[in-house]
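Enquirer: I have a structure I would like to understand better, so I am pasting it below and will then ask my questions one at a time.
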Amino acid sequence: MDPHLLRTYVSVARLASFSEAARELGYTQSAVSQHIAALESDLGLPLLSRRPVAPTPAGRRLLEHAGALLLRLDAARADLGRFAAAPRATLSVAASPLALHPRTLAALPATGVTLRGLPRERVPEAVATGEADAGLVDGIAAPSDPLRLPDVAPLTATGVAEEPLAVVLPAGHPLAGRTGLRLDDLVDARWLDAPAAGVPLGQLRAVHAGPAGRGFRTALRYEGTDTRTLVALAAAGHGLALLPLPLAAGVPDATAVPLVAPRLVHRVELLLPGSGGGEAGERGEPAGPADEFARRLKS
1 MDPHLLRTYV SVARLASFSE AARELGYTQS AVSQHIAALE SDLGLPLLSR
51 RPVAPTPAGR RLLEHAGALL LRLDAARADL GRFAAAPRAT LSVAASPLAL
101 HPRTLAALPA TGVTLRGLPR ERVPEAVATG EADAGLVDGI AAPSDPLRLP
151 DVAPLTATGV AEEPLAVVLP AGHPLAGRTG LRLDDLVDAR WLDAPAAGVP
201 LGQLRAVHAG PAGRGFRTAL RYEGTDTRTL VALAAAGHGL ALLPLPLAAG
251 VPDATAVPLV APRLVHRVEL LLPGSGGGEA GERGEPAGPA DEFARRLKS
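First residue of the sequence shown: 1, per UniProt numbering; consecutive thereafter.
Okay, structure coming up:
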């Protein structure tokens with residue numbers, strides 16, 4: 001399966017238009033049509049209906065594979081390219097919002113840094129494909145356990161920070177006086193769904209031992225990245241939120257009660273290209289500012 005043809009197919013299916021895909025890819029519409037015809041001939045199946053332009057059942061199934069296949073190819077090209085690349089004088093770091101911990105920020109070089117905020121799931125992809133020299137990603141896990149990251153390419157993940165978690169609720173909430181809270185007692189509560197600014201509800205459902213998909217109802221969805229806004233929403237009674245304890249504590253009109261069960265922590269990991277072992281140059285790891293950033297975080 002020719003990856004060039006596959007990329008063309010993904011663009012046409014996403015845009016539902018041969019002409020729009022041609023403009024996006026810089027091809028003629030005739031070339032796009034030829035790419036789709038060649039891919040359908042290779043697979044022996046129709047992939048797109050023409051009027052309207054939409055994937056066939058076989059085409060929809062191909063789309064389920066296409067993203068991972070193309071990402072792996074991009075990651076392989078970037079990984080091999082690092083062996084020939086000269087050491088860089090600047091540093092590009094991709095980070096999920098809650099991964100910007102005081103320890104990680106203090107380790108950044110004083111100059112020549114580009115810091116890009118990305119959704120958690122995009123950080124490994126950015127490092128794998130060379131969009132970023134290093135990544136900082138966060139999530140919840142049992143103490144000392146690694147995060148479960150998508151298998152996009154060989155990456156080295158190193159834990160650089162772990163903090164307790166706390167439930168944020170209004171100061172006058174009936175549970176505000178507790179010394180600790182159990183997740184089991186909060187299944188039926190109303191929650192703030194804030195995928196970037198807090199711990200996503202999907203992660204709570206994943207670690208909860210109850211029936212799959214049960215509980216943790218969304219009262220309000222916040223799509224921003226400002227943790228202070230999330231805490232203010234919790235303080236105003238719009239729903240509960242789960243945050244690292246240092247971020248949740250000391251906010252007026254809000255109370256942060258430590259989560260005591262299950263035993264979970266907020267974990268931040270440093271992501272670097274390569275699977276570890278050997279010298280940095282041997283495995284294509286970044287040198288220069290990225291290497292220094294990694295050493296400061298690991299020390």
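Every residue, glycine too, gets a C-beta built ideally from N, C-alpha and C.
Assign Ala236 to one of two classes, buried (16 or more other C-beta atoms within 10 Å of its C-beta) or exposed (fewer than that).
Expert: The residue is exposed, with fewer than 16 neighbouring Cβ atoms inside 10 Å.
Enquirer: Is the distance from the Cβ of Glu163 to the Cβ of His266 below 9 Å?
Expert: In this structure, His266 lies closer than 9 Å to Glu163 by Cβ.
Enquirer: Please state the DSSP three-state secondary structure of Asp138.
Expert: Here Asp138 sits in strand by DSSP.
Enquirer: How should Thr8 be labelled, buried or exposed, when 16 other C-beta atoms within 10 angstroms of its C-beta is the threshold for buried?
Expert: Buried, because 16 or more other Cβ atoms sit within 10 Å of the Cβ of Thr8.
Enquirer: Can you tell me whether DSSP reads Leu48 as helix, strand or coil?
Expert: Leu48: strand per DSSP, three-state reduction.
Enquirer: Count the other C-beta atoms from every protein chain shown that fall within 10 angstroms of the C-beta of Leu297, then say buried if there are 16 or more, exposed otherwise.
Expert: Buried, because 16 or more other Cβ atoms sit within 10 Å of the Cβ of Leu297.
Enquirer: Along the chain, where does the beta strand (DSSP E) that runs through Asp193 open and close?
Expert: From DSSP, the beta strand (DSSP E) with Asp193 extends over Arg190 to Asp193.
Enquirer: Measure the CB-CB distance between Arg217 and Ala194 and report whether it falls below 9 Å.
Expert: Not in contact: Arg217 and Ala194 (Cβ atoms no closer than 9 Å).
Enquirer: Can you tell which of Val168, Ala176 and Arg51 has the C-alpha that lies nearest to the C-alpha of residue 306?
Expert: Here the chain covers residues 1 to 299 and nothing more, so residue 306 does not appear.
Enquirer: According to the Cβ coordinates, are Leu165 and Pro97 closer than 9 Å?
Expert: Taking 9 Å as the Cβ cut-off, Leu165 and Pro97 do not qualify as a contacting pair.
Enquirer: Confirm, please, whether the CB-CB distance from Val137 to Pro124 is below 9 Å.
Expert: In this structure, Val137 lies closer than 9 Å to Pro124 by Cβ.
Enquirer: Please report how far the alpha carbon of Thr158 lies from the alpha carbon of Ala290, in whole angstroms.
Expert: Their backbone Cα atoms lie some 14 Å apart in a straight line.
Enquirer: Just the C-alpha distance for Gly277 and Asp74, rounded to the nearest angstrom, thanks.
Expert: Residue placement at Gly277 is poorly supported in this model, since its pLDDT is 43, which falls under 50; the coordinates still yield a value, given next. Computed Cα separation, rounded: 23 Å.
Enquirer: Relative to the alpha-carbon of Ala196, which residue among Gly224, Arg178 and Leu181 has its alpha-carbon at the smallest distance?
Expert: For Ala196, the nearest C-alpha among the options comes from Gly224.
Enquirer: Report back the beta-carbon spacing between Ala16 and Pro52 to the nearest angstrom; my notes put them in contact at under 8 Å.
Expert: With 8 Å as the limit, Ala16 and Pro52 qualify as a contact, their Cβ atoms being about 7 Å apart.
Enquirer: Roughly how far, in whole angstroms, is the beta-carbon of Ala94 from the beta-carbon of Leu118, given that I think they are within contact range, below 8 Å?
Expert: With a Cβ gap of about 5 Å, Ala94 and Leu118 count as contacting.
Enquirer: Since Val152 and Leu271 should fall inside the 8 Å C-beta cutoff, what is the C-beta to C-beta distance between them, to a whole number of angstroms?
Expert: Incorrect: roughly 10 Å between the Cβ atoms, too far for contact.
Enquirer: Using the rule of at least 16 other Cβ atoms within 10 Å of the residue's Cβ for burial, across every protein chain shown, is Glu269 buried or exposed?
Expert: By the neighbour-count rule (16 or more Cβ atoms within 10 Å), Glu269 is buried.
Enquirer: Output the distance between the C-alpha atoms of Asp133 and Gly112, rounded to the nearest integer angstrom.
Expert: Rounded to the nearest angstrom, the two C-alpha atoms are 13 Å apart.
Enquirer: Where does His65 fall in DSSP's three states?
Expert: Here His65 sits in helix by DSSP.
Enquirer: Return the chain-ordered list of same chain residues with a C-beta closer than 8 Å to the C-beta of Ala66, the five sequence neighbours on each side being excluded.
Expert: If we look at Ala66 and ignore the five residues flanking it on each side, its Cβ neighbours are Leu6, Tyr9 and Val10.
Enquirer: Measure the C-alpha to C-alpha separation of Ala249 and Ala256 and round it to an integer number of angstroms.
Expert: In a straight line, the C-alpha of Ala249 is about 6 Å away from that of Ala256.
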